[in-house]
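For the sequence shown, the residue numbers in this note's numbering are 55 to 375.
C-beta atoms are modelled at their ideal positions from N, C-alpha and C, and glycine is treated no differently.
These numbers were taken from a predicted model, which means no experiment stands behind them.
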Amino acid sequence: MCHFQETLWAEDPECKKMPVNTAAVSGIMKIGGGFANLEEFLSTLDIPPLSSNTYQKEHDNIATAWEKVAENEMYCAAMEEKHLAVQAGEVGGDGIPMLTVVVDGCWAKRSYRTNYSSLSGAAAIVGFRTKKVLYMAVRNRYCMVCSRAAAVNKLPGKHCCSKNWHGSSSSMEANIIQEGFQNSVAMYGVKYAKVIGDGDSNVYKTILDSRPYDELQVEKLECQNHLFRNFCLKLKDIVRDSKAGPITLRKCLGKNILRLRKSVISATAQLTKNEVNFDCCSILQKHILNAPYHVFGDHQNCVDSVCSIQRKNDTNWKERL
55 MCHFQETLWA EDPECKKMPV NTAAVSGIMK IGGGFANLEE FLSTLDIPPL
105 SSNTYQKEHD NIATAWEKVA ENEMYCAAME EKHLAVQAGE VGGDGIPMLT
155 VVVDGCWAKR SYRTNYSSLS GAAAIVGFRT KKVLYMAVRN RYCMVCSRAA
205 AVNKLPGKHC CSKNWHGSSS SMEANIIQEG FQNSVAMYGV KYAKVIGDGD
255 SNVYKTILDS RPYDELQVEK LECQNHLFRN FCLKLKDIVR DSKAGPITLR
305 KCLGKNILRL RKSVISATAQ LTKNEVNFDC CSILQKHILN APYHVFGDHQ
355 NCVDSVCSIQ RKNDTNWKER L
């Protein structure tokens with residue numbers, strides 16, 4: 055047995071399953087954890103944890119693989135969206151398909167409409183027809199390695215810096231969406247002609263200012279969900295404003311905010327059952343303008359299909375409001 059050498063495998067090298075180290079790191083990454091979380095979890099199970107170097111190596115390999123898969127999936131989604139646009143005849147004079155997309159952003163820290171101080175933010179462009187992501191990116195204002203080095207007045211060592219943004223947190227979304235629009239032709243051979251957003255005028259202004267398509271001005275469409283959310287928020291602001299009127303009337307408004315929203319939604323649902331045309335838009339406008347009268351008891355202009363007989367006996371608050 056002298057000078058005998060043999061290789062022993064802890065796992066079957068022919069097995070096509072994911073190696074246990076890769077699976078462990080991948081799992082902890084998917085739930086937003088890191089090395090310390092995995093170490094504590096494995097210790098609880100009485101399993102020897104990975105070394106920090108092994109963890110980092112697996113982490114980098116997984117991150118690279120995920121990025122490649124994401125790019126491939128977004129490309130496939132864009133080609134599918136492109137094909138559907140061509141089928142619908144939505145092609146510009148230069149032969150480039152023109153897509154309708156949905157855009158939105160998110161942050162690592164909630165702002166509650168006042169405190170925009172998140173260190174990280176992300177945004178995505180989603181195809182309207184396929185509901186699949188066509189473009190996404192992340193902006194970071196913080197790098198742990200750089201921050202720790204700066205705390206002791208030293209230069210950071212060689213590392214993969216995660217900080218890629220020096221502007222404000224609130225401008226992260228607009229910058230990412232602008233980047234996606236400017237690269238759409240080069241990446242997929244398409245133009246994002248119409249954009250459905252959450253009512254954030256800063257994003258749309260940034261798109262227009264960047265002029266991604268010289269001869270085409272991007273058209274903005276409002277997202278129904280965000281439109282109704284902003285509608286309700288504005289009404290709640292009136293309820294809280296002591297200068298808006300007597301407390302009795304403001305309380306009456308507060309109790310009927312959801313009814314106002316539901317009234318508009320019901321009118322829209324009734325009209326969209328049939329083919330939508332210009333006349334439908336005109337009728338919908340009348341229903342929307344009549345919604346406050348309907349909710350607060352004045353039913354003389356209501357349509358029977360959207361106003362029940364029982365509601366016609368409501369207390370009329372119109373004169374008091």
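query: Which same chain residues, not among the five before or five after A176, have their C-beta less than 6 Å away from its C-beta?; result: C160 and V192
query: Just list the alpha helix (DSSP H) runs in the segment 198–249, keeping only unbroken ones of 4 residues or longer that don't cross its boundaries, in chain order.; result: 198–205, 226–236 and 238–242
query: List the whole-angstrom C-beta distance separating V155 from L188, where the pair is believed to meet the contact cut-off of C-beta under 8 Å.; result: 7 Å
query: I believe A162 touches S172 by the beta-carbon criterion, under 8 Å. Please report the beta-carbon distance rounded to the nearest angstrom.; result: 5 Å
query: Kindly indicate which residue of I85, H137, V79 and L99 has the alpha-carbon position closest to the one of S105.; result: V79
query: First and last residue of the alpha helix (DSSP H) that includes T154?; result: Element bounds for T154: not the alpha helix (DSSP H) but the beta strand (DSSP E), M152 to W161.
query: Under 9 Å, do P151 and K245 count as touching if we go by C-beta distance?; result: yes
query: Determine the extent of the alpha helix (DSSP H) in which K452 is found, giving its start and end residues.; result: Residue 452 lies beyond the stretch modelled for the chain, which goes from 55 to 375, so this question has no answer here.
query: Is the beta carbon of F235 sitting closer than 9 Å to the one on V206?; result: no
query: Using the rule of at least 16 other Cβ atoms within 10 Å of the residue's Cβ for burial, across every protein chain shown, is L314 buried or exposed?; result: buried
query: Let's see if you can read the secondary structure: which residues bound the beta strand (DSSP E) around I101?; result: From DSSP, I101 is part of no beta strand (DSSP E); its letter is neither H nor E.
query: When you compare each of R195, L287, L270 and L338 to V49 by their alpha carbons, which one comes out closest?; result: Not covered by the structure: residue 49. The range shown for the chain is 55 to 375.
query: If distances are taken between C-alpha atoms only, which option among E125, E227, W219 and A139 comes closest to F182?; result: A139
query: Answer yes or no: do S226 and M128 have a C-beta to C-beta separation smaller than 9 Å?; result: First, the residue type needs correcting, since residue 226 is Met and not Ser in the sequence shown. Not closer than 9 Å, so no.
query: Report the partner residues of L275 according to the DSSP bridge assignment.; result: I250
query: Can you find the residues in the same chain that come closer than 7 Å, C-beta to C-beta, to C200, ignoring five residues on each side of it along the sequence?; result: P210, C215 and K217
query: What span of residues does the beta strand (DSSP E) with G175 cover, start to end?; result: S174 to G181
query: Measure the Cβ-Cβ separation of H280 and G253 and say whether it is below 9 Å.; result: yes
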